[in-house]
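Keeping their order, the protein sequence lines are chains A and B. Be aware that the first sequence starts at 11, since it is given in the working numbering, and climbs by one per residue. Be aware that the second sequence starts at 5, since it is given in the working numbering, and climbs by one per residue. For each residue, glycine too, the CB sits at the ideal point set by N, CA and C.
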Amino acid sequence: DVKVTQSSRYLVKRTGEKVFLECVQDMDHENMFWYRQDPGLGLRLIYFSYDVKMKEKGDIPEGYSVSREKKERFSLILESASTNQTSMYLCASSWPGEHYNEQFFGPGTRLTVL
Amino acid sequence: KQEVTQIPAALSVPEGENLVLNCSFTDSAIYNLQWFRQDPGKGLTSLLLIQSSQREQTSGRLNASLDKSSGRSTLYIAASQPGDSATYLCAVRRRTSYDKVIFGPGTSLSVIP
């Protein structure tokens, strides 16, 4: 079974803090993704990575950065957390290409910024 | 621009009923469509993946169909159970080089014992 894990289920941070969200997958997937999910707005893609050290901006990258130094690990960084970044953050991974590229999700991190 | 909608937004049915959830997308140029289940406060669990060349996929009591030309997919759940209560999301993978996926807003299902 594919396993995607996220470092924290719940996180509370203060405005201005630097926040790291970690995601690890064990299926040797090339693609990894970070989404945020908000009521009424659904899932929105923040960043994704299609290989080590490769990244692409998603639909809402402002205020975020990412790091992928190893294939299995994809980190989301909030350089200076703000209250509007309070959200559920979901990590996913998949194979690349046209076929058999089912996305597998982690359990999510509920981040609250005070 | 690809847009994905799901109808209804919420559904409540008595246990044992068969039900259909709908997903519509505006651009038929997709690689595949995936159905997910999400329990409150949890991540997404993949249910079924339909490739663009396929018409349907089945897993247990679940059957998903795809009509690419009309931009529609349905998820059929047979003999619903209270444990099926969750939010169901569909997502389409666009034909771009970035493997990006567009999600629908979800249908919240409640199965009443």
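query	result
For A/Tyr60 and A/Lys13, I'd like the C-alpha separation in whole angstroms.	18 Å
Would you check if there are 3 or more beta carbon pairs closer than 8 Å linking the segment 68-79 of chain B to the segment 27-34 of chain B?	yes
So which residues on chain A does B/Lys46 lean against when the C-beta distance must stay under 7 Å?	Pro117 and Gly118
Would A/Glu82 count as contacting chain B if we go by Cβ distances under 8 Å?	no
I need the boundaries of the beta strand (DSSP E) containing A/Lys65, first residue and last residue.	Met64 to Lys67
Under 8 Å, do B/Gln42 and B/Pro109 count as touching if we go by C-beta distance?	no
Less than 8 Å separating the beta-carbons of A/Tyr99 and A/Leu121?	yes
Using a Cβ distance threshold of 8 Å, determine whether the segment 40-54 of chain B contacts the segment 5-19 of chain B, with at least three qualifying pairs required.	no
Span of the beta strand (DSSP E) holding B/Thr39?	Note on identity: in this sequence residue 39 of chain B is Trp, with Thr being the wrong assignment. First-last of the beta strand (DSSP E) with B/Trp39: Ile34 to Gln42.
Please confirm whether A/Ser85 and A/Leu21 have their CB atoms less than 8 Å apart.	no
Less than 8 Å between CB atoms is the rule here; does A/Gly52 satisfy it with respect to chain B?	yes
Would you mind stating whether B/Ser56 and B/Tyr35 have Cβ atoms separated by less than 8 Å?	yes
Distance check for A/Val76 and A/Lys65, CA to CA, integer angstroms please.	8 Å
If you measure beta-carbon to beta-carbon, which residues of the segment 53-72 of chain A are closer than 9 Å to chain B?	Leu53, Arg54, Leu55, Phe58, Tyr60, Glu66, Gly68 and Asp69
Between which residues of its own chain and A/Asp48 is the CB-CB distance below 7 Å, once the five residues before and five after are set aside?	Ser97
Could you have a look at A/Gly50 and say whether DSSP puts it in helix, strand or coil?	coil
Rounded to a whole number of angstroms, what is the C-alpha to C-alpha distance between B/Ser69 and A/Thr93?	41 Å
Could you tell me the distance, in whole angstroms, from the CA atom of B/Asp88 to the CA atom of A/Gly118?	20 Å
Of the residues B/Gln38, B/Arg59 and B/Glu19, which one's Cα is nearest the Cα of B/Val8?	B/Gln38
Taking the alpha carbon of A/Gly26 as the reference point, which residue from A/Ala91, A/Tyr74, A/Gly52 and A/Val34 has its own alpha carbon closest?	A/Ala91
Please name the residue or residues paired with B/Arg76 in a DSSP beta bridge.	B/Ser28 and B/Asp71
Closest Cβ-Cβ distance between A/Gln35 and chain B: below 8 Å?	no
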